[in-house]
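A.B. asks: Pasting a structure below so you can have a look.
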Amino acid sequence: MTKAKKLIEVALPIKEISAESVRDKSIRHGHISTLHLWWARRPLPVCRAVIFASLVPDPLDANCPKAFCDAVQDMLANNLLYAPYPDIPYTAIYDPMPDTLRNRLLMFIGKFSHQCQLNMLAGKSTPSKDQIQEGCLIKWESKNDPVVLRLARLLIWVAYNAERHPEASYKELATEFDLAFNAIKEAENNLYNTPNRHLASADVEVKETALQAAIESFQNRMPSVFDPFAGGGAIPLEAARLGCCSYGNDINPVAHIIEKGSVEFPQKYGKPITYTHEEFMALYGKEGVKLYTEKFGVMPTGNVEIPNRLSFDVEFYAKKLLATTEAEVGHLYPADEKGNKPVAYYWARTATCSNPSCRAEVPLLKQFYLANTKSKKVYLNPIINGTDIQFEIKHGKYDEKNLPGWNNRCVLTCPCCGSVTTTEQLKEQFKAKKTRERLLAVITESPIGKDYRL
């Protein structure tokens, strides 16, 4: 039997995927890129779209299983969210998009929002978070959307099983999907509502075995995705999000640990847990009660439910480590009169001007900004009095032509006399250990952000 072409072999909503991938680069909170730097990290929208389009057939292919066509017809054809463009917004001519099952599937993966379409046709820009239609698979907000993920997983389930059982209908496959998926949810509820399931017992072992069996039963009827060079873990993560049996590996140990932290550990340990009150106090004590109150409100007197054990433990032990560290070295960071504690000390090396009649101690600064962002600009303004160099802190932008850096291209230009100290002379001072360090500013953390003082 000739197999139908996969959707990725025929078409993809490239413009839409690219737009959401640009946004993906700027997302921080909750994104795996903030776990650890990886140089060749792949955007999550690209991985999600490519995996999905690699696992489902083109509905317009003559060899596409009827069950899959019926699934697309039932789930997407009558949903206005996934209606094709009345006029493709990024083409130069009037270009209506035919309402076919293939285009419905493409619009499910990614579609520009109505406002973005109007703006594109008018030559206007749209904020990145508003470019992609709500309910599309690639949109950041869809990552935990149960409705969108159910559609994607069910379509993959039908596509995978219809190839193996051509006689099966869409309704039969959808019923089997619901039974398998609900079995996982039921097993999860049985296990996660068991108090103190972290303690080994016969009851817990039975429920853990039942959950693992339900997961394996579901994944045995879903495709497996293997990425032998997984790097930052984006492909295994998105494959798991779509319900597939996901495998990832990398020869680089840094990449392997990133994959463990972003794909494996959250699935193993980032689950709900219920403690008895006594067990919670034994594990976390008063510090745990304080953290629980900050995150979830009043501490119950009975069983204590935590939505994500891994998240709670990481935050609990991070606070504990910070408290221990502060007790040891906190005296090195004394608070100022406003109660703001230093987060950084801004030091600079100093070298002596080579002019015998000057001999000023000059900080080796290439520029004077302490903060240089669009929303905040703070700099050190030099005050020269003979050979004495002091500073004041000013806000705003300084004139770089009238106030160039003093240490450029490995040459020191003295701000007091204008003499130049060459690279060789600076090297001699460093070798003779005649250079010094000077504290120029202190950066403190205040309720409104970072503050700066001398």
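For the record, in the sequence shown the residue sitting at position 421 is 1687 according to our numbering, with numbers rising by one throughout.
In this text, a Cβ means the ideal position worked out from N, Cα and C, and glycines have one as well.
(1) Leaving out five residues before and five after I1450 in sequence, what residues of the same chain have Cβ atoms less than 8 angstroms from its Cβ?
(2) Specify the secondary structure class of I1517 as computed by DSSP and reduced to three states.
(3) Give the secondary structure of V1322 by DSSP, where H, G and I count as helix, E and B as strand, and everything else as coil.
(4) Do the CB positions of L1503 and I1317 come within less than 8 angstroms of each other?
(5) Please list the segments of the beta strand (DSSP E) lying wholly inside the region 1404 to 1471, counting only runs of 3 or more residues, in order along the chain.
(6) Quick check: is any heavy atom of the ligand NAD less than 7 angstroms from the C-beta of I1649?
(7) Under 8 angstroms, with one C-beta from each stretch per pair, do the region 1542 to 1561 and the region 1512 to 1528 reach the 3-pair mark?
(8) Using only the alpha-carbon positions, how far apart do M1373 and S1512 sit?
(9) Taking 8 angstroms as the cut-off, decide whether the C-beta atoms of S1394 and R1289 are in contact.
(10) Put L1646 into one of helix, strand or coil per three-state DSSP.
(11) For E1737 versus G1376, is the C-beta distance shorter than 8 angstroms?
(12) Look at the alpha carbon of S1408 and the alpha carbon of L1630, and state the distance between them as a whole number of angstroms.
(13) In three-state DSSP terms, what is E1571?
(14) Only counting the same chain, and skipping five residues up and downstream in sequence, which positions put a Cβ closer than 7 angstroms to that of P1573?
(15) For D1654, report the span of its beta strand (DSSP E) as first-last.
(16) Do T1540 and P1489 count as a contact pair if the criterion is CB distance below 8 angstroms?
(17) Contact defined as beta carbons within less than 8 angstroms: I believe S1712 pairs with C1624. What is the distance between those atoms, to the nearest angstrom?
(18) Inspect the CB distances between the region 1592 to 1609 and the region 1693 to 1700 and report whether three or more fall short of 8 angstroms.
(19) Could you give the residue range of the alpha helix (DSSP H) that holds L1692?
(20) Pick helix, strand or coil for T1618, following the three-state DSSP scheme.
(21) How far does the alpha helix (DSSP H) with I1539 in it reach, from first residue to last?
(22) Under 8 angstroms: do the region 1431 to 1445 and the region 1317 to 1327 share three or more Cβ pairs, one atom per stretch?
(23) Among Q1633, R1702, L1706, which residue has its Cα nearest to the Cα of P1679?
(24) Could you check if N1647 is buried or exposed, using at least 16 other CB atoms within 10 Å of its CB as the buried criterion?
(25) So, for Y1348: in the same chain, excluding its five sequence neighbours on each side, which residues have a beta-carbon less than 6 angstroms away from its beta-carbon?
(26) Between the C-alpha atoms of T1268 and N1329, what's the straight-line distance to the nearest angstrom?
(27) Can you name, in chain order, every residue of its own chain whose Cβ lies under 7 angstroms from the Cβ of A1610, other than the five neighbours on each side?
(28) How big is the Cα-Cα spacing for K1271 and K1437?
(29) Assign E1286 to one of two classes, buried (16 or more other C-beta atoms within 10 Å of its C-beta) or exposed (fewer than that).
(30) Mind checking which residues open and close the alpha helix (DSSP H) that includes A1333?
C.D. replies: The structure says:
(1) Sequence index remark: in the sequence shown, residue 1450 carries index 184 (1-based). Closer than 8 angstroms at the Cβ level, and outside the excluded window around I1450, lie L1477, A1480, I1481, F1484.
(2) The residue labelled residue 1517 in the question sits at position 251 within the sequence shown. Coil, per DSSP.
(3) For the purposes of this step, residue 1322 is taken as the residue at position 56 of the sequence shown. Three-state DSSP puts V1322 in coil, outside helix and strand.
(4) Start at 1 with the first residue of the sequence shown, and residue 1503 comes out as number 237. Start at 1 with the first residue of the sequence shown, and residue 1317 comes out as number 51. No, the pair does not count as a contact, with Cβ atoms beyond the cut-off.
(5) none
(6) Ligands are entirely absent from the displayed structure, and the ligand NAD is therefore not among its contents.
(7) no
(8) In the sequence shown, the residue the question calls residue 1373 occupies position 107. In the sequence shown, the residue the question calls residue 1512 occupies position 246. Approximately 25 angstroms between the Cα atoms of the pair.
(9) Against the sequence shown, residue 1394 aligns to sequence position 128. Against the sequence shown, residue 1289 aligns to sequence position 23. A contact, by the Cβ cut-off of 8 angstroms.
(10) Counted from its first residue, the sequence shown places residue 1646 at position 380. Correct three-state label for L1646: strand.
(11) Here the chain has residues from 1267 to 1720 only, and residue 1737 is not among them.
(12) By 1-based counting over the sequence shown, the position of residue 1408 is 142. By 1-based counting over the sequence shown, the position of residue 1630 is 364. Roughly 50 angstroms between the two C-alpha positions.
(13) Here residue 1571 is taken as the residue at index 305 of the sequence shown, counted from 1. Three-state DSSP puts E1571 in a strand.
(14) Counted from its first residue, the sequence shown places residue 1573 at position 307. For P1573, where only same-chain residues beyond five positions count, the Cβ hits under 7 angstroms are P1538.
(15) Numbered from its first residue, the sequence shown carries residue 1654 at position 388. Segment 1654 to 1661, the beta strand (DSSP E) holding D1654.
(16) Locating residue 1489 in the sequence shown gives position 223, where the first residue counts as 1. Locating residue 1540 in the sequence shown gives position 274, where the first residue counts as 1. Result no, Cβ atoms of P1489 and T1540 do not sit closer than 8 angstroms.
(17) Residue numbering aside, residue 1712 sits at position 446 when the sequence shown is read from its first letter. Residue numbering aside, residue 1624 sits at position 358 when the sequence shown is read from its first letter. S1712 to C1624, Cβ: 39 angstroms. No contact.
(18) no
(19) Translated into the one-based positions of the sequence shown, residue 1692 becomes position 426. First-last of the alpha helix (DSSP H) with L1692: 1689 to 1697.
(20) By one-based count along the sequence shown, residue 1618 stands at place 352. Three-state result, T1618: strand.
(21) Residue mapping note: residue 1539 aligns to position 273 of the sequence shown, counting from 1. Counting along the chain, I1539 falls outside any alpha helix (DSSP H), though it belongs to the beta strand (DSSP E) covering 1539 to 1541.
(22) no
(23) For the purposes of this step, residue 1679 is identified with residue 413 of the sequence shown, where counting begins at 1. Note on identity: in this sequence residue 1679 is Thr, with Pro being the wrong assignment. Selected option, being the one with the closest Cα: Q1633.
(24) The residue given as residue 1647 occupies position 381 in the sequence shown. With fewer than 16 other Cβ atoms within 10 Å, it is exposed.
(25) Walking along the sequence shown from the start, residue 1348 turns up at place 82. These residues qualify, in order along the chain: L1342, R1370, M1373, F1374.
(26) Indexing the sequence shown from 1 puts residue 1268 at position 2. Indexing the sequence shown from 1 puts residue 1329 at position 63. When rounded, the distance between both Cα atoms is 7 angstroms.
(27) Taking the first residue of the sequence shown as 1, we reach residue 1610 at position 344. Once the five neighbours on either side are set aside, the close Cβ partners of A1610 are I1709.
(28) Translated into the one-based positions of the sequence shown, residue 1271 becomes position 5. Translated into the one-based positions of the sequence shown, residue 1437 becomes position 171. When rounded, the distance between both Cα atoms is 23 angstroms.
(29) Locating residue 1286 in the sequence shown gives position 20, counting from the first residue. So E1286 counts as buried.
(30) Along the sequence shown, one-based indexing puts residue 1333 at 67. Its alpha helix (DSSP H) spans residues 1332 to 1341.
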